[in-house]
Amino acid sequence: MYLAGIILFGFTPLVLGSFYGMIPMIFIPILLVIRIKNEEKVLMNGLKGYGEYMKKVKYRLLPFIW
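So the number in this note's numbering is just where the residue sits in the sequence shown, counting from 1, plus 61.
Spelled out as structure tokens, the structure:
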């Protein structure tokens, strides 16, 4: 879901012809990584069995990378 958002919001300014719209795109992946790490911490503390799920599903944002 997060990867799809990066692709969607990354290419929309290009399709619309606004190269200035790409400037915020620099920060979106960084903010998403911060959000994912915080989300995992909350789920780990509040959801039973989430640690086991994390062992099964190793990739968070980019398949086979991270």
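We treat Cβ as the ideally placed atom computed from N, Cα and C, and that holds for glycine.
Of the listed residues the options, nearest to residue i (C-alpha basis)
{"i": "L104", "options": "M115, I95 and V94", "result": "M115"}
{"i": "K82", "options": "P90, F72 and I91", "result": "Looking at the sequence shown, residue 82 is not Lys but Gly. Taking only the C-alpha atoms, the option nearest G82 is F72."}
{"i": "W127", "options": "Y111, S79, L93 and G78", "result": "L93"}
{"i": "P21", "options": "E100, I95 and I67", "result": "Nothing about residue 21 can be reported from this structure: the residues present for the chain run from 62 to 127 only."}
Anticipated Cβ contact below 8 angstroms, residue i with residue j, distance rounded
{"i": "L75", "j": "L122", "result": "That belief does not hold up - the Cβ atoms of L75 and L122 are roughly 21 angstroms apart, past 8 angstroms."}
{"i": "I97", "j": "F70", "result": "Not a contact, Cβ separation roughly 16 angstroms."}
Q: For the stretch 90-127, list the beta strand (DSSP E) runs that are entirely contained and at least 3 residues long, ordered along the chain.
A: The stretch 90-127 contains no whole beta strand (DSSP E) run of 3 or more residues.
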